[in-house]
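Structure, as structure tokens:
Protein chains: 2
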Amino acid sequence: MARTKDPAVRTLLLNRAAQMLRMRQPVTLRALVAGTGVSTMAVYTYFGGMDGLWKALRQEGFTRLAAKLAAVTTSADPVRDLAALGAAYLANALENPDLYRVMFDEGFDLEDTGAADETLHRLVHAIDRAKANGRFRDEIDPLELATQSWTIGHGLASLVATGPLPHQALAHGVPMLTALFTSAGDEPDRCRQSVERGWGLMPPAGPGSRERSDRP
Amino acid sequence: MARTKDPAVRTLLLNRAAQMLRMRQPVTLRALVAGTGVSTMAVYTYFGGMDGLWKALRQEGFTRLAAKLAAVTTSADPVRDLAALGAAYLANALENPDLYRVMFDEGFDLEDTGAADETLHRLVHAIDRAKANGRFRDEIDPLELATQSWTIGHGLASLVATGPLPHQALAHGVPMLTALFTSAGDEPDRCRQSVERGWGLMPPAGPGSRERSDRP
DNA sequence: CCACAATACATAGCATCGCTATGCTTTCAG
DNA sequence: CTGAAAGCATAGCGATGCTATGTATTGTGG
């Protein structure tokens with residue numbers, strides 16, 4: 653017995669905020685609602701304030717990441733798939749560096765941790781397959797190895813996306829993942845080939861697709 | 653033919669800012685100068701604005717990190733030293749998590765990159781010693797391996813200090829560094845022992861030393 | 001079908017933010 | 001000793017996030 657929220661407004665604000673982030677414009681309350689026809693109160697009715705908007709933005713980032721990882725085709729070579737997942741993770745971070753930063757800055761509180769869990773589960777599943785194929789030792793803990801792969805991916809993404817390392821430093825992913833998976837039991841040469849195959853889907857280091865518009 | 657700046661004011665503001673960061677109080681211009689006797693203009697005469705203060709704060713962070721790494725004693729086992737440097741790096745990040753975040757957020761512009769270069773050079777030097785001792789292969793590029801070690805350290809620090817991983821996830825440093833150094837040519841068992849020895853100086857996962865004072 | 005009530009939404013104002021213009025005070029140089 | 005340049009405090013400006021208040025709208029119970 654009351655007015656209902658229009659979901660279109662929520663997604664509109666969310667998309668606009670993501671776009672402002674991409675364009676490197678400061679995401680401010682007034683600038684966000686300017687030009688949308690809605691007023692500042694909309695942010696409070698739909699997100700409860702700017703904090704809620706940032707939280708929803710983090711959620712959106714994980715959703716996009718999950719979509720990116722879902723696009724990775726699984727092959728008969730689970731080690732290749734692991735490297736491909738890592739490459740997709742890094743590609744996502746480099747395509748939306750500011751969104752990636754928001755995801756991992758200032759707390760992790762999400763409304764729905766399902767997307768983040770999904771991400772880790774994909775790695776765990778690929779590791780399970782690698783164990784079943786005899787590539788990794790039986791005593792390997794899939795969750796631990798997945799966490800370590802994630803640590804490498806995040807370290808690389810963080811240092812390259814908004815850090816001091818140049819884009820070509822992404823090539824470090826191959827030897828690092830090869831070292832990690834070799835230590836898990838895989839045969840070195842074969843491991844390297846698998847990782848290189850999976851990592852090969854990495855987009856080349858081009859100029860970022862950001863438009864860098866300081867003027868709205 | 654003019655008045656000279658008092659360096660004490662600069663360091664006072666810097667230390668106070670670092671303390672506010674540690675206490676998790678928002679570092680705002682007015683709150684920073686409140687109680688110091690100086691006015692808001694001091695921040696502009698000494699730092700040129702809040703941006704300059706953040707830059708100086710990043711510099712301070714690297715200085716503290718360099719001091720922490722300088723306290724690591726070099727032994728006859730260069731692989732142990734590498735792990736010890738990694739442990740010191742992580743210990744510093746966990747003791748000052750907010751300062752660490754400032755160091756790696758929003759650009760890297762420092763006034764003096766010497767401290768940051770110092771950090772990497774320490775790793776490179778230890779790797780050179782490992783090569784001289786026959787632990788690592790001759791064709792290993794020290795700078796590349798140092799960068800990879802740094803990536804692991806930063807990934808771990810970032811995910812644990814202000815991220816989703818619990819403190820005990822720091823233990824992942826041992827297998828990851830062991831995998832990396834083994835791939836560089838070190839003998840696996842000996843490598844693991846060296847890394848564990850160096851990593852052993854890691855302070856145990858206790859409650860952070862932060863005081864969490866929201867009320868000034 | 002309809003009136004009530006609960007909710008969305010716009011407007012206006014508040015405290016605070018970083019910053020700067022202004023004037024006074026200090027202090028080094030000639 | 002004097003003048004000018006720099007430190008420094010005060011006050012105010014635009015912009016920020018947020019909230020109080022009033023209006024409009026719409027789903028629902030009788």
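These protein sequences, in sequence, are chains A and B. For the first sequence, the working numbering begins at 653 and goes up steadily by one. For the second sequence, the working numbering begins at 653 and goes up steadily by one. Cβ coordinates follow ideal geometry from the N, Cα and C atoms, glycine included.
Report task. Apply the 10 Å Cβ neighbour rule to Thr688/B and answer buried if 16 or more other Cβ atoms are within range, or exposed otherwise. Result -> For this step, residue 688/B is matched to residue 36 along the second sequence. Answer is exposed; the Cβ neighbour count stays below 16.
Report task. Could you work out which residues of chain A lie near Ile804/B, taking near to mean beta carbons separated by less than 8 Å? Result -> Indexing the second sequence from 1 puts residue 804/B at position 152. Listed by position along chain A, the residues whose Cβ is nearer than 8 Å to that of Ile804/B are Thr803, Ile804, Gly807 and Met828.
Report task. Taking Asn659/A as the query, report the chain B residues whose CB atoms sit under 9 Å from its CB, ordered along the chain. Result -> To locate residue 659/A, count along the first sequence from 1; it is residue 7. For the record, residue 659/A in the displayed sequence is Pro; it is not Asn. Ordered by position in chain B, no residue passes the 9 Å Cβ test against Pro659/A, which lies about 28 Å from the chain.
Query - Min CB distance Ser810/B to chain A below 9 Å - result: The residue labelled residue 810/B in the question sits at position 158 within the second sequence. So, interface residue.
Requested in this report: Note down, in chain order, every chain B residue with its Cβ under 7 Å from the Cβ of Asp793/A.
Outcome: On the first sequence, residue 793/A is found 141 positions in, with the first residue counted as 1. Correct list: empty, because the minimum Cβ distance to chain B is about 10 Å.
Requested in this report: Identify, in the order they occur along the chain, each residue of the same chain with its Cβ nearer than 6 Å to the Cβ of Met755/B, setting aside the five sequence neighbours on each side.
Outcome: Walking along the second sequence from the start, residue 755/B turns up at place 103. So the list reads Arg710 and Gly713, once near-sequence residues are dropped.
Query raised in the report: For Gln677/B, does the three-state DSSP call read helix, strand or coil?
Result: In the second sequence, residue 677/B corresponds to position 25, counting from 1. DSSP places Gln677/B outside both helix and strand once states are collapsed to three, so it counts as coil.
Report task. Run through the stretch 690 to 738 of chain B for me and flag every whole alpha helix (DSSP H) of 4 or more residues, listed as ranges in chain order. Result -> 693 to 699 and 702 to 722
Query raised in the report: Using a beta-carbon distance below 9 Å, is Gly759/B in contact with chain A?
Result: Here residue 759/B corresponds to residue number 107 of the second sequence, with the count starting at 1. At a cut-off of 9 Å between C-beta atoms, Gly759/B counts as an interface residue with respect to chain A.
Requested in this report: Pull up the distance between the alpha-carbon of Asp658/A and that of Trp706/B, whole angstroms please.
Outcome: On the first sequence, residue 658/A is found 6 positions in, with the first residue counted as 1. On the second sequence, residue 706/B is found 54 positions in, with the first residue counted as 1. Distance between the alpha carbons of Asp658/A and Trp706/B is about 41 Å.
Query - In chain order, each alpha helix (DSSP H) run of at least 4 residues that lies wholly inside the stretch 750 to 831 of chain A - result: 766 to 784 and 794 to 813
Query - For Asp750/A, the nearest candidate out of Pro818/A, Ala670/A, His824/A and Leu832/A (CA to CA) - result: Taking the first residue of the first sequence as 1, we reach residue 750/A at position 98. Asp750/A has its Cα closest to that of Ala670/A, out of Pro818/A, Ala670/A, His824/A and Leu832/A.
Query raised in the report: Between Leu853/A, Arg662/A, Leu664/A and Cys843/A, which lies nearest to Asp729/A when the distance is taken from Cα to Cα?
Result: For the purposes of this step, residue 729/A is identified with residue 77 of the first sequence, where counting begins at 1. That would be Cys843/A, whose Cα lies nearest to the Cα of Asp729/A.
Query raised in the report: If you compare alpha carbons, which of Leu684/B, Arg662/B, Ser810/B and Ala694/B is closest to Asp757/A?
Result: In the first sequence, the residue the question calls residue 757/A occupies position 105. Measuring from the Cα of Asp757/A, the nearest candidate turns out to be Ser810/B.
Query raised in the report: What does Leu832/A reach in chain B if we use C-beta pairs closer than 9 Å?
Result: Sequence index remark: in the first sequence, residue 832/A carries index 180 (1-based). In chain order: Pro827, Met828, Ala831, Leu832 and Ser835.
Query - Boundaries of the alpha helix (DSSP H) in which Gly850/B is found, first to last residue - result: For the purposes of this step, residue 850/B is taken as the residue at position 198 of the second sequence. Residues Pro840 to Trp851.
Query raised in the report: Hey, Leu742/B and Ala778/B: beta-carbon distance below 9 Å or not?
Result: By 1-based counting over the second sequence, the position of residue 742/B is 90. By 1-based counting over the second sequence, the position of residue 778/B is 126. Cβ atoms of Leu742/B and Ala778/B: not closer than 9 Å.
Query raised in the report: Going along chain B in order, which residues have a C-beta closer than 7 Å to the C-beta of Gly815/A?
Result: Position 163 of the first sequence, counted from the first residue, corresponds to residue 815/A. Residues of chain B passing the Cβ test: Phe756 and Phe760.
Report task. Taking only beta carbons into account, state which residues of the stretch 775 to 800 of chain A come closer than 8 Å to chain B, listed in chain order. Result -> The residues in question are Glu796, Thr799 and Gln800.
Query raised in the report: So is Ala743/A in contact with chain B if we call contact Cβ pairs under 9 Å?
Result: Counted from its first residue, the first sequence places residue 743/A at position 91. Chain B contact via Cβ: absent.
Query raised in the report: Given Asp761/B, which residues of its chain have a CB within under 7 Å of its CB, disregarding the five upstream and five downstream residues?
Result: Along the second sequence, read from residue 1 onward, the residue named residue 761/B stands at position 109. Lys707, listed in sequence order.
Requested in this report: Check Gln671/B in the structure and name its three-state DSSP category.
Outcome: Walking along the second sequence from the start, residue 671/B turns up at place 19. DSSP places Gln671/B in helix when its eight states are reduced to three.
Query raised in the report: Would a C-beta distance cut-off of 9 Å place Ala813/A and Ala745/A closer than the cut-off?
Result: For this step, residue 813/A is matched to residue 161 along the first sequence. For this step, residue 745/A is matched to residue 93 along the first sequence. Yes, the pair counts as a contact, with Cβ atoms nearer than the cut-off.
Query - Alpha carbon of Ala736/A to alpha carbon of Ser846/B, nearest angstrom - result: As a first step, residue 736/A must be located in the first sequence, where it is residue number 84. As a first step, residue 846/B must be located in the second sequence, where it is residue number 194. The alpha-carbon atoms of Ala736/A and Ser846/B are separated by roughly 32 Å.
Requested in this report: Can you have a look at Ser691/A and say buried or exposed, based on whether 16 or more other CB atoms are within 10 angstroms of its CB?
Outcome: For the purposes of this step, residue 691/A is taken as residue 39 along the first sequence, with counting starting at 1. Label assigned to Ser691/A: exposed.
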